[in-house]
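Here's the structure we're looking at; comments come further down.
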Amino acid sequence: MSDDASDSASTDVNSKAAALRGLYESDTILRVVNVWDAVSTKVVAEVPGTTAIATAGHSIAASLGYADGGMPLDVALKAIEPIVAATELPVTADLDDGYSDPGETTRRAIGIGVVGANVEDRLKAFDESVARVRAIIAAAQAEGVDFQLNARTDAIARGGDRAKADSIADAIARGKAFLDEGATAVFVPGAVAREDVEQLVAGLGRGKLSVIGLPGALPAAEYEALGVARISYGPLVQRVALRAVRDLAADLYGSGVIPTDTPALN
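The following block contains the structure:
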């Protein structure tokens, strides 16, 4: 790559990182409909209201025959690259737990144009989890990119039998430490109920909490009013798409036909 091309690519990455930061900092909740390949990216990107693209690691893994969390890093990055190439919007990627070297994982993700990420703590020891966030931020700074880390804590999702109050307290303690290290937001899967979200926002601050819109979750506008920064939908988007495929197949094996109003989205 020539120096001019390298400078242009760097400028593009930095402008997208700045755009993503602005979306997180807006009073309007950032809504991302998670994608898993180039065609799902193009379909979602063309929907009015789409401001950023977020990958779903679970969905990418499933489409490639891996269990959630079991996809090798090289495979994950190879799958994310065409997603970045398919859109001009900023892309934030699900990078599982950051793999063996979260700083190097971040550097490589930035190298393919990713400007933000979800990285989960999997409820590792507190100090180790904080150190891994620190490594991600340091790697991004070394690359000169204002990388937007949506640092995930599994304090609720992996809380097991402990009291919900203890899990929420742990999520707040971990989240505050992640924010202190430079994370943009804190993703707390399992925070669905209004009272849980209120406690987390009170502990982390308005505009710092990220949630997933599981079945039974509040509408995005209600989370926005509570001070939530971002809502994503993880593997649920792919599940809805796969249900449509399954139902169509069952219909076609019966007396069905392809609907005449089927759009050419691919």
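Note that the sequence shown ends on residue 266 in the working numbering; no numbers are left out.
The C-beta atom is built at its ideal place from N, Cα and C for all residues, glycine as well.
Bridge-paired residues (DSSP) for residue i
{"i": "Q148", "result": "G116"}
{"i": "T92", "result": "A54, G116"}
{"i": "F187", "result": "R152, S210"}
{"i": "V201", "result": "DSSP, once it has assigned bridges, lists no residue as partnering V201."}
{"i": "I231", "result": "R31, V211"}
Cβ-Cβ distance between residue i and residue j below 9 Å
{"i": "R174", "j": "F126", "result": "yes"}
{"i": "I53", "j": "T11", "result": "no"}
{"i": "L95", "j": "G69", "result": "no"}
{"i": "V75", "j": "V13", "result": "no"}
{"i": "G159", "j": "G190", "result": "yes"}
{"i": "T153", "j": "L179", "result": "no"}
{"i": "L73", "j": "T105", "result": "yes"}
{"i": "Q238", "j": "A62", "result": "yes"}
{"i": "T51", "j": "L89", "result": "yes"}
{"i": "L226", "j": "V192", "result": "no"}
{"i": "A17", "j": "A85", "result": "no"}
{"i": "D101", "j": "E224", "result": "no"}
{"i": "A177", "j": "N150", "result": "no"}
{"i": "V91", "j": "G113", "result": "yes"}
{"i": "E181", "j": "V245", "result": "no"}
{"i": "S40", "j": "A220", "result": "no"}
{"i": "V43", "j": "L265", "result": "yes"}
{"i": "A157", "j": "G103", "result": "no"}
Closer than 9 Å to chain C by CB, residue i
{"i": "A140", "result": "Among the chains of the structure shown, chain C does not appear; only one protein chain is present."}
Counted within 10 angstroms of its Cβ, other Cβ atoms place residue i as buried (16 or more) or exposed
{"i": "G98", "result": "buried"}
{"i": "S255", "result": "exposed"}
{"i": "V257", "result": "exposed"}
{"i": "L252", "result": "exposed"}
{"i": "E128", "result": "exposed"}
{"i": "P263", "result": "exposed"}
{"i": "P215", "result": "exposed"}
{"i": "R108", "result": "buried"}
{"i": "D121", "result": "buried"}
{"i": "A15", "result": "Residue 15 is actually Ser in this sequence, not Ala. Exposed is the call here."}
{"i": "D261", "result": "exposed"}
{"i": "G166", "result": "Reading off the sequence shown, one finds Asp at residue 166, where the question assumed Gly. Flag for D166 reads exposed."}
{"i": "V119", "result": "buried"}
{"i": "V197", "result": "buried"}
{"i": "A67", "result": "exposed"}
{"i": "A163", "result": "exposed"}
{"i": "A142", "result": "exposed"}
{"i": "A155", "result": "buried"}
Inset, instruction - Evaluate the contact criterion for the stretch 127-142 versus the stretch 68-84: three or more CB pairs, one atom per stretch, below 8 Å. - result: no
Legend entry - contact_flag[the stretch 163-170, the stretch 143-152] where n(CB pairs < 8 Å) is 3 or more: no
Inset, instruction - Would you check if there are 3 or more beta carbon pairs closer than 8 Å linking the stretch 223-232 to the stretch 17-36? - result: yes
Inset, instruction - Could you tell me whether the stretch 199-210 touches the stretch 173-187, using the rule of 3 or more Cβ pairs below 8 Å? - result: yes
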